[in-house]
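In order, the protein sequences belong to chains S and X. Numbers 132 to 665, taken from this note's numbering, label the letters of the first sequence in order. Numbers 12 to 540, taken from this note's numbering, label the letters of the second sequence in order. We put the beta carbon where it would ideally sit given N, CA and C, even for glycine. Predicted model only: the values in this text are computed from it and were never measured.
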Amino acid sequence: MAATLLKILLFPAYFSTDFDVHRNWLSITKLLPIDQWYLENTSEWTLDYPPFFAYFEWFLSRFVPGFVARDGCIELVAKGQFGIPTIFFQRFTVIASEIVLFAALQYYVTSSSNLKEKKRNFVVASSIVLSPGLFIVDHIHFQYNGFLLGILVLSIVNAKLGNYLQCGFWFAVLLCFKHIFLYIAPCFFVFLLSVYCLNTQSKLPTTFSELINCVRWKNLIKLGSTVIAVFLVAFGPFAYYGQLSNVFQRLFPFARGLTHAYWAPNIWAVYSLIDRVLIQLTLRVPGAARIISLVFNKIDYERLNNAGTLTRGLVGDVEFFILPNIKPNHTFLLTLFYQLLSLVPLLINPTFERFIGSMTLCAWASFLFGWHVHEKAILLVIIPFSFLVPFDRKLLPLYETLTASGYVSLFPLLFGSAEWLLKTLLTFVWFVIFSNSFNEVCEFSSSISRRVFILDRLNILYIVGLIPVCCVLQMIDIQSRNFAILKRFEFVNLIVYSAYCSIGVIGSWNMFSWLYFLDDSIWDRRIKEKEKTL
Amino acid sequence: MARSKFVSLFKSSPLYDFLIPFQRAQNQWVARYIIIVFAIIVRCAVGLGPYSGQASPPMYGDFEAQRHWMEITKHLPMKEWYFYDLQYWGLDYPPLTAFHSWILGELGSLTDYSWFALDLSRGIETNDLKSYMRITVLVSELMVYIPAVLMYTRWMGRNYNKASPIDQTIIAAAIIYQPSLIVIDHGHFQYNCVMLGLSLLAVVNLLEDNYALASIFFVLSLSFKQMALYYAPIFFFYLLSVCVWPVSRFNPLRLISIGVSVVVTFALMFLPFIYQGGFSQVVQIIVRVFPFDRGIFEDKVANFWCATNVVIKYKNIFTQSQLKNISLLLTLAGIAPSCIAIFLKPTKSLLTWCLSSCSLAFYLFSFQVHEKSILLPLMPITLLLNEVDSDVISMVCWIANISLFSMWPLLKRDNLALQYFVLGILSNWLMGNLSWVRMFLRKAKIPVTVRELATPVLPHNLFWKLVIIGSYSAASLLHFLDYYQEPPAHLPHIWIIANMVLSFGCFSLFWLWTNYKIVQKATQKLKAN
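Right under this line is the structure:
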């Protein structure tokens, strides 16, 4: 088993060699002194990841071979002029950096205590390694997610093994690589606090001294100093040069719109879809306008008439015409609310299963309600979830729905006709393999009665429905060159993708929350065993 | 003949590790679909790479030729197909290719008319067109070649080597992931898979004793690409001999039915042309399809003529027609052993062996051979992976690698170097030929698990061990020199020629070996009787 995992190393080496989108930060870190990194803006693609990532790029740029550099890999220009050597080099760095992920997962597999668990962990590990999401995003679209998720896995494994200090360390490192992991930072914070720094066994403190004893000060100091040290290493140099404000401006650009250029399949996608439908209704259907204006008071007809032109163009900045507009702090509050909700049980009973569960929920909440969410963020939900699935059979249908809709929602990232077959088949074969093997290794739950069978059927129907959706949309895309009328649907295509996928993502989120809050047997092994003996 | 218990010879391969979880009866369809889908994925990924003649006006390459045929067959009446502007990639494959192109051209025009607009579309190179063409190859392969391979291994599993269904799937996967065919069809761009698949279907039907069907499939294959003639002698003698032997039960009905099906299929292929343009059409097709006025070899190819040409300059000694006759004689001599064997002993276990030997003899000795023609002998050779003999397996893996190597100059010209290396490594790794790397890692104290090798990479015979190791090291040396060392000025093609001579040596040794095996198997059978 362990051997097979190692062999998988060769696997992505194959696919990733194909060429596609490519970005260029190497030059900034290579050519400029450190205090200029976050100021440079010759190119549109400014450095907007945290410092460790910048260091990482700097490290990579040391290894640019001569013939690649001559190819124009590290020229600091507005738009990169480069050829095949550069593409090869960059793709190679992705593969090489992914070794971190393999190593972390290997660690996870070897850390398992018995053979049954090992088999289960192996399925989890290989499902992550072979994930079509990683293929699409990392190896074709081009990013370094595999490497970063490797660090995440490392900290998860350490949490499982009880090395809480290392868990905190790795997560802090991860945060300094890519700040998108802030989505799941709350659950790490609460988990480590509760399991490492507090005495949860003791009763509620009644006196002040008990309150103080409740906290394990030694552990708190150890953990705190580790995390602070990591951040110091990361941001120290920039603080020294007085660049901190620039760094933070780059990291948190609130100026961007509510939804990303391709709509991520979240609440806001559905929200905007409803808005669009309402617009069409008011404009086309007589009488509908009256009903709508009863609900939403006023309709600005002048804006509405311009709406047709506004919607089709860039979606970067979405305006709502009928439904109330959304501000960043609305999304922030919603996200926070749902995250806090998931953190409460974790604080009370910090088991490993709950920790992963709340991590999934945190990521999910931010994905669904966050401001300017990228659809790639779905990986952040799927990866922790895959660690969770083998614990209980009840989670499997949810997982299937989530992965199917999540990975399909990544499809619009690759719009070329050449990759269409590749991405669909990869997702399809992955899905078939792993729904089979998860089915085999999942632990049966004792309380099967709580499963609602009609929902299972709906799940399957939904997943099967993805296939015709993909095919029809692609057909429309192909035929749009012949029939001018279909050209108008270009944007509708994307809407359909994200709307259909968001049904899946939101639906499985609901079910997951239900299980998380109401079904204790999944989250605590002791309860589960108790139920089994009954 | 059949062993009582089949031991999978791919037991230690990664392929086995991947597919063995699906060995339960209800899961076996999953394994089959996984290898097919994964085969498509690999082919798609190769298809993202460049094709032959990309961005090289004015003539471009094979890709443009195929596209051009779709263009002319879509727009012109049938009688002009073989006459239209012959200087620019005139149609020079038999009728079935023309019909195939016609259908694809019609379908493609539904999507985008400009792809196949007459004359205007010459040299068109858009990404969407490329994807369309790639998909047509993929679909053709999926419809013909892959089912044929699965049928073949299934028959073998049931009647010959008694492999369990999961082992059959593993063997089929090993055949489907043969790198040379993938890189030529999906990288360089050709439709060889259709011709090979049709021939393979004919073989399967022979095994099932459907003689008329077999001959129909074989004629279809011939009328897709005339290169299928490499297999023709074996088919001919096998069919003849099953009708003739034993003399006491001479079967004229069978002979007639075979003959009728051959003639009718050919007639169906040519009738539309005769109907539209008279008999001169047939003459023109034959002239186009068999261009005997070209030289004895065109490019550098690892056959007898080109390899010995290094020493003996044939063109200075003999005239063109003399050369033709000599090559005809040599080819006849080359195919004689296998033809005689199959004629005297028409057994099913000999069939694949004789096909390999005969087509390899054609490749080595016949006139006007192209380096891509190695795919023809390679197809039956890879089918030999069904044999229950680890020596055979290692020989087959070796020759598959050498044939990939022999196409290196061509692939390098097409900028397919990356795909060449990746596919080579992928297929060898899948078949477990790279397991020795792990042993070295183990020796270097790197903790990796090593299992008992069921398939040794090298055969048991010392001579073959030396040959295989020697050829591999020579091949790697050549790659190394090719990359780091400019060829000397007065010998600009030295690396290509070395490649060719080396491959020729390996091929001819392998050819001798197949003949030896054929004789061995045929006489074994006699003794047993």
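- Residues of chain X whose Cβ lies closer than 9 Å to the Cβ of Val-563 of chain S are, in chain order, Val-41, Tyr-44, Ile-45, Val-48.
- Listed along chain X are Pro-32, Phe-33, Asn-38, Val-41, each with a C-beta nearer than 9 Å to that of Asn-567 of chain S.
- For Leu-129 of chain X, the three-state secondary structure derived from DSSP is coil.
- Between Tyr-163 of chain X and Leu-211 of chain X, the CB-CB gap stays under 9 Å.
- DSSP places Leu-305 of chain S within a helical segment (H, G or I) once states are collapsed to three.
- Of the residues assessed, Thr-84 of chain X falls on the buried side of the cut-off, its CB having 16 or more other CB atoms within 10 angstroms.
- Across the region 222-238 of chain S, no CB contact with chain X closer than 8 Å is found for any residue.
- Counting C-beta atoms within 10 angstroms of its own C-beta, Ile-323 of chain X has fewer than 16 neighbours from the protein chains shown and is therefore classed as exposed.
- DSSP, reduced to helix, strand and coil, places Val-380 of chain X within a strand of the structure shown.
- Out of X:Val-300, X:Val-48, X:Ala-318, the CA that lies nearest to the CA of Trp-92 of chain X is found in X:Val-300.
- Under the 9 Å criterion on CB atoms, Gln-610 of chain S is classed as interfacial with respect to chain X.
- The contact set of Phe-253 of chain S on chain X, defined by CB atoms closer than 8 Å, is empty, because the minimum CB distance reaches about 11 Å.
- Going by DSSP, Arg-145 of chain X is part of the alpha helix (DSSP H) stretching over 138-154.
- Taking CB atoms only, Ala-76 of chain X has no neighbour in chain S less than 9 Å away.
- A straight line joining the alpha-carbon of Gly-134 of chain X with that of Tyr-71 of chain X spans about 7 Å.
- Residue contact check for Cys-55 of chain X against chain S: a CB pair falls below 9 Å.
- Judged by DSSP secondary structure, Pro-528 of chain S falls within the alpha helix (DSSP H) whose first and last residues are 527-540.
- Comparing alpha-carbon positions, the option among X:Phe-373, X:Tyr-527, X:Ser-291 lying closest to Val-403 of chain X turns out to be X:Tyr-527.
- For Gly-119 of chain X, the uninterrupted alpha helix (DSSP H) run begins and ends at 106-122, by DSSP.
- CA-CA distance, Met-206 of chain X to Leu-389 of chain X, rounds to 13 Å.
- Listed along chain S are Leu-552, Leu-556, each with a C-beta nearer than 8 Å to that of Ile-51 of chain X.
- Closest option to Cys-204 of chain X, judged by alpha-carbon separation, among X:Asn-336, X:Thr-108, X:Phe-416: X:Thr-108.
- Residues of chain S with a Cβ closer than 8 Å to the Cβ of Ile-146 of chain X are, in chain order, Leu-552.
- With respect to Cys-365 of chain X, Tyr-249 of chain X sits close: the two C-beta atoms are nearer than 9 Å.
- In the three-state DSSP reduction, Val-399 of chain X falls in the coil class, being neither helix nor strand.
- Under the rule that a run must span 3 or more residues, no beta strand (DSSP E) segment is found entirely inside the region 173-260 of chain X.
- For Leu-592 of chain S, the three-state secondary structure derived from DSSP is helix.
- For Arg-251 of chain S, the closest of S:Val-364, S:Ala-535, S:Lys-458, S:Leu-519 by C-alpha to C-alpha distance is S:Leu-519.
- Residue pairing from DSSP places Leu-329 of chain S in a beta bridge opposite S:Val-346.
- The C-beta of Met-238 of chain X has 16 or more other C-beta atoms within 10 Å across all chains shown, which makes the residue buried.
- Here Tyr-530 of chain S is not near Leu-499 of chain S, since their CB atoms are 9 Å or more apart.
- By alpha-carbon distance to Leu-59 of chain X, the top candidate from X:Glu-82, X:Met-144, X:Ser-125 is X:Met-144.
- The Cβ atoms of Val-53 of chain X and Leu-422 of chain X do not sit closer than 9 Å to each other.
- In the three-state reduction of the DSSP assignment, Val-312 of chain X falls in the coil class, being assigned neither a helical nor a strand state.
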